[in-house]
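Residues 268 to 622 (the working numbering) are what the sequence shown spells out, left to right. Below: one structure, written as structure tokens.
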Amino acid sequence: RLGPGGGEPSAPLGLDTLVDEITKRISVPQRNPNGPLHFAIDHCFPIKGQGTVLTGTVLSGSLRVGQEIEFPELKQLRKIKSMQMFKKPVNSATQGDRLGVCVTQLDAKALERGIACTPGYIQTMDCVLMAVRHIRFFKSTCKTNSKFHITVGHTTVMGVATFFGAAAEPLADVADDKARKTAQAMRALQLARQPLADAFDTAAEYEYRDELDAGAAEQWAVVRLEAALSCALPATAIGSHLDTDPNANSCRLAFHGKVIRALSPSALAELKIFKHKRKEGQVERVHDEQTLICKNLFKPGTDMTQFFGMRVQLGEAGPVGRIDSTFGKTKFKCVFDDPGPAGLAEAIKGEKKLF
């Protein structure tokens, strides 16, 4: 910059410090030319007498002239005829390189943007499992069975989402509305900095959610896509409402996530997603200090043994117990390890309902 009064330029201020700080925070990525090829295509056009040129970036693996590559969206295989990098012919390219690839007998109109890969490497899927998180700038709720625009790489398709996962821990009690909003904002900021889950436990049980829990760290979604998409897993994805008025002063990006796996119909059926259900029965009488005889919770002929051990509660705020055994053909015993300070006989005087 110029010195005082427009004289000789003075020494730059803080430039060396800035360079040092940037150098500390960046690292050269590890390149692996031996991995499977994943070539992201951002443009495709024909050249008369040569073939079809694909421009893009090598995300993983490597390319070489004569190599056979697959276009999973088109379900076609082609051999590389030639390659250029910065207008110079090359025989090979590796992860991180940007180049143009020429192949023959490929319709340029069929593939504007897309993927080329090692044959068989990239899956085409129409139902996916995602680790998801609400985007804090999106002010509406993300409801189960709603349609979203699902974007993965260069591809955007419509999909219907079903959300599930544990609910967020409730915030601590605060004195006023301002403090509550501050606590919510801090939680949202902390969540935004946490990485998404990398693995899904197929043996675990997950709670169905009517809408995506904006305060929960681990939430999942099954997304049924209206059109198949191709991607390498895991893949970053965004769910949005792009049909919202673009001139409106609101965020259209609803949630972000990571595609963990494709779901076949059999894999989808094996997911253990449950809903809380509430049924109402009646207390008939006290059997002993910790046991009640109850009725009318099940239909006649129901196999009650499958409900043994399930939680029950006397009234809305009474003692909590469990279904222990049958009593005759239509009645059952409920055991309360902690019948409360007044005992079961006193508790049922004002409350005969069992949930």
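The C-beta atom is built at its ideal place from N, Cα and C for all residues, glycine as well.
Can you tell me the Cβ-Cβ gap for residue i and residue j, rounded? I've got them flagged as a contact below 8 Å.
i	j	result
E240	K598	Since the first residue of the chain shown is 268 and the last is 622, residue 240 is not available in this structure.
A495	M392	6 Å
C262	L492	Absent from the structure is residue 262, since the part of the chain shown begins at 268 and ends at 622.
H416	L509	5 Å
A504	I382	That pair is no contact at about 15 Å.
R365	T324	5 Å
S329	Q362	7 Å
Counting along the chain, where does the beta strand (DSSP E) carrying residue i start and finish?
i	result
E551	G548 to D555
L611	No beta strand (DSSP E) contains L611, which is instead part of the alpha helix (DSSP H) from L611 to A614.
E474	Y473 to R476
I need the boundaries of the alpha helix (DSSP H) containing residue i, first residue and last residue.
i	result
L282	L282 to R292
Q457	D444 to A459
A536	P532 to E537
Can you list, in chain order, the residues of its chain with a C-beta nearer than 7 Å to that of residue i? Leave out the 5 residues immediately preceding and following it.
i	result
A464	A398 and E485
C498	I389, V419, G420 and V526
G610	E556
Q549	C561, K562, N563, K619, K620 and L621
A459	R403
Q461	A484
Less than 8 Å between C-beta atoms, sequence neighbours within five positions excluded: which residues of the same chain meet that for residue i?
i	result
V332	I347, K348, S349, M350, N358 and S359
G432	Y473, E474, R476, D480, A483, E485, Q486 and W487
L500	Q390, V526, I527, R528 and A529
P300	G328, S329, T361 and Q362
Let me know the secondary structure DSSP gives residue i once reduced to three states.
i	result
Q334	coil
T423	strand
T572	helix
A360	strand
K342	coil
K315	coil
A252	As displayed, the chain neither begins before 268 nor continues past 622, which places residue 252 out of reach and without an answer.
A377	helix
T385	coil
H310	strand
F594	strand
Q297	coil
K410	strand
F404	coil
N467	Checking the displayed sequence, the identity of residue 467 turns out to be Phe instead of Asn. In the structure shown, F467 sits in coil (DSSP, three-state: anything other than H, G, I, E or B).
S327	strand
L520	strand
H543	coil
K620	strand
Excluding the 5 residues preceding and the 5 following residue i in the sequence, name in chain order all residues of the same chain whose CB lies nearer than 6 Å to its CB.
i	result
T385	P303 and L304
C311	L321, A375, L378 and E379
K410	E478
S413	none
R454	G482
F575	I590
I615	V550
Could you name the residues that DSSP lists as bridge partners for residue i?
i	result
M577	DSSP lists no partner for M577.
V526	M397 and A502
C561	V550 and F599
C369	V320 and S349
L438	Per DSSP, none; premise fails for L438.
H416	M425 and S507
T391	S497
A488	M397 and F430
K355	M352
Relative to the ligand ADP, is the shortest distance from any of its heavy atoms to the C-beta of residue i smaller than 6 Å?
i	result
K376	Of ligands this structure carries none, so the ligand ADP is not represented either.
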